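Colleague: Here it is, the structure, as structure tokens.
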Amino acid sequence: MLTDFVIQFFSEQPRRERAVFGLLTGKQTISILYAALIHQQLQWLHLYPSLSKEAFSAAITTLKVQRMLRETETGLILTEKGQHLKQAAVTQLPLPTHYQPWMNLPVFAPRFFLGVQVLSEASYANRAYQPISVNWATQQVVKQWYQQVDHRAAVTTLSSLFQGLPTELADTLAANMIGHDYAGQLMPATLEAHFERLDALAALVQQLANTRSMWTALWGGPRDFVSRPAQQTLAQARAGMALPTIAHRSHRKQSTINEHLLLAAIMGETLPIEHLVPLKIHRALDRVTQIYDHQALLAAIPGSTFFRFDCSRF
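Printed below as a string of structure tokens:
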């Protein structure tokens, strides 16, 4: 089943297995994020944070042995046989269509299910129960939330949220809940069930993102992948401050400042390109359609650098 999942992230274009693993587990290096961007897979960032390196590598090895994937100098590509398997895998193990990385589902999921359990047990005045989450931080967030909300209103609001979900997704969420005298399937036994639950949670978060209720407070809001230091760097660059000055004032290396700006660009922020790349160089880089040798490209365009080239690409 894991091979059906993994193969969906490869195509006829070379892809590094390390970049795919980093994407799925949420590693946020510039190289991994940029590779995901150009392969149109950035939406799957942090999709499977619990995926082990051993299991992923074993799946890759299996796909190679079965001649579904073939190694090239620049990465793995699908063979013709692999393309057929990928088409079948998309149907057999569909990815969660509602998922977006900003939803922060690995954090919200245990909060949500514990919140449901707490409300259910409280309605029966039962204090002698085993919390489904043993994570102390999660328990503290839910405890604080529970103390601040109107319990009946929380139940009523949750019912309304469920009514706004497609029936199959609402049923999936209900099947994973635990409450007083009710036990659903807390831990999905299969990868397919895992992604079904993830899709249902994502659909719920889509509603929470468009409303303001006590459940929105438990969710905690969208995750911002552009760090606060990176946001500060971007604001200073937009204000016209020279990058060496930003580095000096923030006591950071120039390379770190560059990474801040590239991260912001990958995540959809608009860079002050006219401030970062001279117009003549930007026009020359913009005319490049295919890249075979970065060093040769930079040598052919005086004044260009890897950073300026990356800024122009984004």
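Just so you know, we're using my numbering here: the sequence shown kicks off at 5 and counts up by one. Ideal Cβ positions, reconstructed from N, Cα and C, are used throughout, including at glycine. In this text the structure is predicted, and so the values were computed from the model without any measurement.
Between Q87 and L51, what straight-line distance do the alpha-carbon atoms span, to the nearest angstrom?
Modeller: Position 83 of the sequence shown, counted from the first residue, corresponds to residue 87. Position 47 of the sequence shown, counted from the first residue, corresponds to residue 51. If you take the alpha carbons of Q87 and L51, they lie about 22 Å apart.
Colleague: Which runs of the beta strand (DSSP E) at least 3 residues long sit entirely within the region 100 to 188? Give them in chain order.
Modeller: Complete beta strand (DSSP E) runs here, min 3: none at all.
Colleague: Indicate the three-state DSSP secondary structure (helix, strand or coil) for R216 in the structure shown.
Modeller: Numbered from its first residue, the sequence shown carries residue 216 at position 212. Correct three-state label for R216: coil.
Colleague: Which first and last residues belong to the alpha helix (DSSP H) in which T65 is found?
Modeller: Counting from 1 along the sequence shown, the entry for residue 65 is found at position 61. Start and end: 57 to 69.
Colleague: What are the start and end residues of each continuous alpha helix (DSSP H) run of 4 or more residues lying completely inside the region 11 to 44, in chain order?
Modeller: Whole alpha helix (DSSP H) segments, 4+ residues: 21 to 29, 34 to 42.
Colleague: With a Cβ-Cβ cutoff of 9 Å, do A268 and Q258 count as a contact?
Modeller: The residue given as residue 268 occupies position 264 in the sequence shown. The residue given as residue 258 occupies position 254 in the sequence shown. Not in contact: A268 and Q258 (Cβ atoms no closer than 9 Å).
Colleague: Express the C-alpha separation of A126 and W3 in angstroms, rounding to a whole number.
Modeller: There is no way to answer for residue 3, as the model of the chain reaches only from 5 to 318.
Colleague: Please work out which residues of its chain come closer than 7 Å, Cβ to Cβ, to E263, disregarding the five sequence neighbours upstream and downstream, and give them in chain order.
Modeller: Counting from 1 along the sequence shown, the entry for residue 263 is found at position 259. I34, listed in sequence order.
Colleague: Return the first residue and the last residue of the alpha helix (DSSP H) that L97 is part of.
Modeller: Translated into the one-based positions of the sequence shown, residue 97 becomes position 93. It is not in any alpha helix (DSSP H) - L97 carries neither H nor E in the DSSP assignment.
Colleague: Taking Cβ positions, are P53 and P110 nearer each other than 9 Å?
Modeller: Start at 1 with the first residue of the sequence shown, and residue 53 comes out as number 49. Start at 1 with the first residue of the sequence shown, and residue 110 comes out as number 106. A contact, by the Cβ cut-off of 9 Å.
Colleague: Please classify E77: is it buried, with 16 or more other beta-carbons within 10 angstroms of its beta-carbon, or exposed?
Modeller: In the sequence shown, the residue the question calls residue 77 occupies position 73. Classification of E77: exposed, given that the 10 Å Cβ count is below 16.
Colleague: Hey, how far is the Cα of L202 from the Cα of L247?
Modeller: Stepping through the sequence shown from its first residue, residue 202 is reached at position 198. Stepping through the sequence shown from its first residue, residue 247 is reached at position 243. Straight-line Cα distance between these residues: approximately 41 Å.
Colleague: Roughly how far, in whole angstroms, is the beta-carbon of R115 from the beta-carbon of V145, given that I think they are within contact range, below 8 Å?
Modeller: Numbered from 1 along the sequence shown, position 111 holds the residue referred to as residue 115. Numbered from 1 along the sequence shown, position 141 holds the residue referred to as residue 145. Right, their Cβ atoms sit about 6 Å apart.
Colleague: Within the same chain, show all residues whose beta-carbon is closer than 7 Å to that of L49, passing over the 5 residues directly before and after it, in chain order.
Modeller: The residue you call residue 49 lines up with position 45 of the sequence shown. Cβ within range, chain order: L27, G30, A40, P105.
Colleague: Assuming Y38 and I270 make a contact with CB atoms under 8 Å, what is their CB distance in whole Å?
Modeller: One-based indexing of the sequence shown puts residue 38 at position 34. One-based indexing of the sequence shown puts residue 270 at position 266. Confirmed, about 6 Å.
Colleague: If you draw a straight line from the C-alpha of L73 to the C-alpha of F318, how long is it?
Modeller: As a first step, residue 73 must be located in the sequence shown, where it is residue number 69. As a first step, residue 318 must be located in the sequence shown, where it is residue number 314. The alpha-carbon atoms of L73 and F318 are separated by roughly 29 Å.
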